[in-house]
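S.K.: Heads up: take any position in the sequence shown, counting from 1, add 1087, and you land on this note's numbering.
By construction, the Cβ of each residue, glycine as well, lies at the ideal position given by its N, Cα and C atoms.
Keep in mind that this is a model prediction, so the values were computed, not measured.
Here it is, the structure in full.
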Amino acid sequence: MEPLTYLSRYRVVVCKTCGFACVAKEVISHLQVRHRDIVPSDRRKIAEEVGRIPNIIRSQPQLVEFRFPPPTADPIPFLSPPHNDGLRCRQCPYVGRQRQRIQAHCHQNHNWQNPGNRGRPSKDSLRLESELPWQSGVQCQRFFPSRAASNWFEVGLKATTHKPPKDPSMPSSSTLAATTLSLLQSLARCVYTLIKC
């Protein structure tokens, strides 16, 4: 069935090469368009094998009831790796990756009004991240590149939530790197001086 694999929990096949899911009835067209290197007879065999999988989602209309994983789920294997630039609504599970889209979502679904003016924000108008109705830096993936069930969804929440608190007495990583570099340069000068003598 290469390059496809079946994810029984989500009832879809995922193309391991492309990193996206595919409904059963669209497997043959996916292979024709994206994997021209697979001979037509093999494409048909793969599509027939996928078609025999019981309980698989066969068509786009069935995706209306598609169940996304909870935010605490690990990243879904075989899908494209998670992006770390997701923007998650604080009032519902909506996730987007573009600021304009999350703003539109919050306005249309939660009656949020952007308190800023149009254009580039001034230094005085920059708001704290906690004041925004969304959270940035969320890990997200998606099953389909377009159409039904192509929404982004959050993954790996437990991995980012359980970080140990930072000790304020510890220097930052950039300070440590600069100090280490300085020490290495001093050591190199001492070694060079010793070798010269």
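Using the Cα positions of Gln1285 and Arg1207, report the straight-line distance between them to the nearest angstrom.
M.R.: In this structure the chain extends from 1088 to 1284, so residue 1285 is not present and cannot be described.
S.K.: Which first and last residues belong to the alpha helix (DSSP H) in which Leu1166 is found?
M.R.: Numbered from 1 along the sequence shown, position 79 holds the residue referred to as residue 1166. From DSSP, Leu1166 is part of no alpha helix (DSSP H); its letter is neither H nor E.
S.K.: Could you say which of Val1120, Arg1139, Tyr1097 lies nearest to Met1088 if we only look at CA atoms?
M.R.: The count along the sequence shown starts at 1 and reaches residue 1088 at position 1. Of the listed residues, the one whose Cα sits closest to Met1088 is Arg1139.
S.K.: Once you ignore the five residues that flank Arg1234 on each side, which residues in its own chain have a CB closer than 7 Å to its CB?
M.R.: Along the sequence shown, one-based indexing puts residue 1234 at 147. Result list for Arg1234: Gln1147, in chain order.
S.K.: Give the DSSP bridge partners of Gln1119, in chain order.
M.R.: For the purposes of this step, residue 1119 is taken as the residue at position 32 of the sequence shown. Answer is none; Gln1119 lacks a bridge partner.
S.K.: Quick one: is Lys1132 near chain D, going by C-beta distance under 8 Å?
M.R.: Any reference to chain D falls outside this structure, which holds one protein chain only.
S.K.: Would you kindly work out how many angstroms separate the C-alpha atoms of Glu1152 and Ala1236, rounded to a whole number?
M.R.: Counting from one through the sequence shown, the residue named residue 1152 turns up at place 65. Counting from one through the sequence shown, the residue named residue 1236 turns up at place 149. Cα to Cα, Glu1152 sits roughly 9 Å from Ala1236.
S.K.: Return the CA-CA distance between Phe1155 and Arg1276, expressed in angstroms with no decimal places.
M.R.: Here residue 1155 is taken as the residue at index 68 of the sequence shown, counted from 1. Here residue 1276 is taken as the residue at index 189 of the sequence shown, counted from 1. Between Phe1155 and Arg1276, the alpha-carbon positions lie close to 58 Å from each other.
S.K.: Is it buried or exposed, Pro1158, if we count other Cβ atoms within 10 angstroms and call 16 or more buried?
M.R.: In the sequence shown, counting from the first residue as 1, residue 1158 sits at position 71. Buried, because 16 or more other Cβ atoms sit within 10 Å of the Cβ of Pro1158.
S.K.: Would you call the CB atoms of Gln1228 and Pro1164 closer than 8 Å?
M.R.: Indexing the sequence shown from 1 puts residue 1228 at position 141. Indexing the sequence shown from 1 puts residue 1164 at position 77. For Gln1228 and Pro1164, no; Cβs fall outside 8 Å.
S.K.: Spell out the partners DSSP gives Cys1227 in its beta bridges.
M.R.: Here residue 1227 refers to the residue found at position 140 when the sequence shown is read from its first residue. In DSSP, Cys1227 forms a bridge with His1170, Glu1241.
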